[in-house]
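Report on the structure given below.
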Amino acid sequence: MIGIFYQLGGKYGLSPEMRLLLTVGLCGGFTTFSTFSYEGMALLGSGHYGTYLLYASLSLVLGLMATAIPVLFFRA
Numbered sequence: 052m053i054g055i056f057y058q059l060g061g062k063y064g065l066s067p068e069m070r071l072l073l074t075v076g077l078c079g080g081f082t083t084f085s086t087f088s089y090e091g092m093a094l095l096g097s098g099h100y101g102t103y104l105l106y107a108s109l110s111l112v113l114g115l116m117a118t119a120i121p122v123l124f125f126r127a
């Protein structure tokens, strides 16, 4: 999918910045979320409900902290 966006962006004259936004930003976000979803479904499918809850909870909390801490630190 990344290759398609990158090549079509060049073909239709998108700026290098827009091509980066589409490939790294948009596709990168989908890839990360797809991996998170797949791992969660694999845990649920194998009956590891406690591990799934821990995985999903820690992913959410640590992800928010990874964003909030630098924002708060550099805001001051």
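Sequential numbering from 52 applies to the sequence shown in this note's numbering. Glycine included, C-beta positions come from ideal geometry on N, C-alpha and C.
query                                                                                                                              : result
Count the other CB atoms within 10 Å of the CB of L123; is the residue buried (16 or more) or exposed (fewer)?                     : exposed
For M52, which three-state DSSP category applies?                                                                                  : coil
Got a sec: is the Cβ-Cβ distance from G64 to anything in chain B below 7 Å?                                                        : Absent from the structure is chain B; it holds one protein chain and no more.
What number of angstroms, rounded off, separates the C-alpha of L77 from the C-alpha of T102?                                      : 29 Å
What residues in its chain sit with their C-beta under 8 Å from that of R70, if we drop five residues either side in the sequence? : F56, Y57, G60, G61
Just confirm the distance between the C-beta atoms of A107 and G96, as a whole number of angstroms; I'd bet it's less than 8 Å.    : So it is not a contact: roughly 14 Å between Cβ atoms.
Between the Cα of L72 and those of I53, Y100, G114, spot the shortest distance and give me the residue it belongs to.              : I53
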